[in-house]
Amino acid sequence: MTDSVGDDHRRSQGRPVSSADPLSATASSGEPRYYYVDSSSWCKLLINEDESAALAAFVDHVHSVGGGFLSADLLVTEVWRTVHRIDHDSGNVAVDPANVTEVLNRVNLFTPDRSIYRDAAHLFAGQAVRSLDAIHVAQCLAVDADVFISYDERQLAAARSVGIKTHSPR
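Below, the structure written as structure tokens:
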């Protein structure tokens, strides 16, 4: 698969692979882990749901040990559309726009190149994987994230089907 991110955005491709707990915030080598996130997870930092506190604690811990979060630029659209939909449905501003910006600033975003879209189109041939889910999984593979964080069971199954470790903090 073609790497879709420029050298200035890439982590070392030569970092050791750990067989340690994939959910710990650092690899056995002590290097930070990188977690790919989708909107089903990242929106929980803005909207109080059952898993929100667990996810917030997980995010704080990962950042405290030098780990980080990655996603496609698509996350920005998905998060803002969710916020606008909630605002519309509630009839008022339910989520402070400053909080949205703050939450989005906690994730390193990558702009998928054309190869990601081609990979996403064919990666799950014969499977019922939604288009945006396929783009997120293809981008996760391209940036070589250690674990895929989501609360969408179909998306998690798609990620696991191509060998990606997954987690849903609870």
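Just so we're aligned: the sequence shown equals residues 1 to 170 in full-length UniProt numbering.
Glycine included, C-beta positions come from ideal geometry on N, C-alpha and C.
With distance defined between alpha-carbon atoms, name the residue in the options nearest to residue i.
{"i": "L132", "options": "L55, L104, S71, G66", "result": "S71"}
{"i": "N108", "options": "L74, Y117, A56, A54", "result": "L74"}
{"i": "R154", "options": "V103, V129, T101, A94", "result": "V129"}
{"i": "L46", "options": "F58, D89, V79", "result": "V79"}
{"i": "residue 176", "options": "V95, H136, I116, Y117", "result": "For the chain, the structure presents residues 1 to 170; residue 176 sits outside this window and is missing."}
{"i": "F110", "options": "D119, H136, R33", "result": "H136"}
Could you check where the alpha helix (DSSP H) with residue i kicks off and where it finishes?
{"i": "L141", "result": "131–143"}
{"i": "T101", "result": "97–104"}
Contact check, residue i vs residue j under 8 Å by CB: the rounded distance?
{"i": "A145", "j": "L123", "result": "About 15 Å separates the two Cβ atoms, so there is no contact after all."}
{"i": "S40", "j": "Y151", "result": "4 Å"}
{"i": "A25", "j": "V62", "result": "5 Å"}
Nearer than 7 Å: is that true of the beta carbon of residue i relative to any heavy atom of the ligand MN?
{"i": "A25", "result": "This structure simply doesn't include the ligand MN, nor any ligand for that matter."}
Just list the residues that DSSP pairs residue i with in beta bridges.
{"i": "K44", "result": "K44 pairs with nothing; no bridge assigned."}
{"i": "Y36", "result": "L70, F148"}
In the DSSP assignment, find the beta strand (DSSP E) that holds residue i and state where it starts and stops.
{"i": "F110", "result": "108–110"}
Counting only C-beta atoms, is residue i closer than 8 Å to chain B at any point?
{"i": "G68", "result": "No chain B appears in this structure, which consists of one protein chain only."}
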